[in-house]
Every structure is written in C-alpha cells, then in structure tokens.
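Colleague: Remember, the numbering used here sits 50 above the position in the sequence shown when you count from 1.
What follows is a single structure, and I will ask about it in a moment.
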Amino acid sequence: MMVAKFSDFKRGTAYGTPNIDTVKNHIHFSTRNSLESRLKACKCELCGVEGDGISFEIHHVNKMKNLKGKEQWELAMIARKRKTLVVCKECHKKIYHSS
Ligand SMILES: [Zn+2]
C-alpha cells in the first residue's frame, strides 16, 4: 500500500519562480491593448458621442477593399486604415442598415 507524503504534494509547484503564464497573458493583453483602450475611451469613432452610460460596440469588416467609401462609416474606416470601428449602438444600427 502506498502512502502519499505531504512532500509529494508540494513537488512540482512553482513557488518563488516567475509564472510564465502570467507573463504570456501580459504580452497577449498588450497586443490587444489598442482596441481595448479605444473601447475604454468610451467615444464613438463615428459621431463622436462619449460617456459612460452609452454602450459601445465594435464594427468589424473582413477586408478593407470591401468598403465602398459611400457611407460615412466606410470613409471613417478608410481614413483610419482600420478594419475595426468603435461605435455607439445607434451608429452601429445605421451601419447595419446601410451595409
Ligand atoms: Zn455614434
């Protein structure tokens, strides 16, 4: 019969050494940071409305060349050379109706 000793449970844990997952998560977070900070800015990149009480959404297009440049939101994305646009809920509705 095997009896597990307390030392067996402690073995293999990484006390006192840097946690690689924490470091990785930090790097991952940093690369996403520009979009996150744009969201946290709480400002619509289309109509310019801002505020904590407004909900913002991200509009995303697959390809820049799919933008026809006819609508205001398309021009906004082309001008920023971005495939994402942080917009308020009202603008997002308009985008869906016009695309
Ligand atoms: Zn808006």
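Where is the CB? At the ideal position from N, CA and C, for every residue including glycine.
Does the beta-carbon of Val136, which I'm using as the reference point, lie nearer than 6 Å to any heavy atom of ligand 3?
Modeller: Although ligand 3 was asked about, the structure shown includes only ligand 1 as ligands.
Colleague: Please report the straight-line C-alpha distance between Cys141 and Asn112, rounded to a whole angstrom.
Modeller: The straight-line gap from Cα to Cα measures roughly 19 Å.
Colleague: At a cut-off of 6 Å, is Leu96 close to ligand 1 when judged by its beta-carbon and the heavy atoms of the ligand?
Modeller: yes
Colleague: Check the DSSP bridge columns for His147 and list the partner residues they point to.
Modeller: For His147, which the question treats as bridged, DSSP gives no partner whatsoever.
Colleague: Taking 6 Å as the cut-off, does the CB of Cys92 come closer than this to any heavy atom belonging to ligand 1?
Modeller: no
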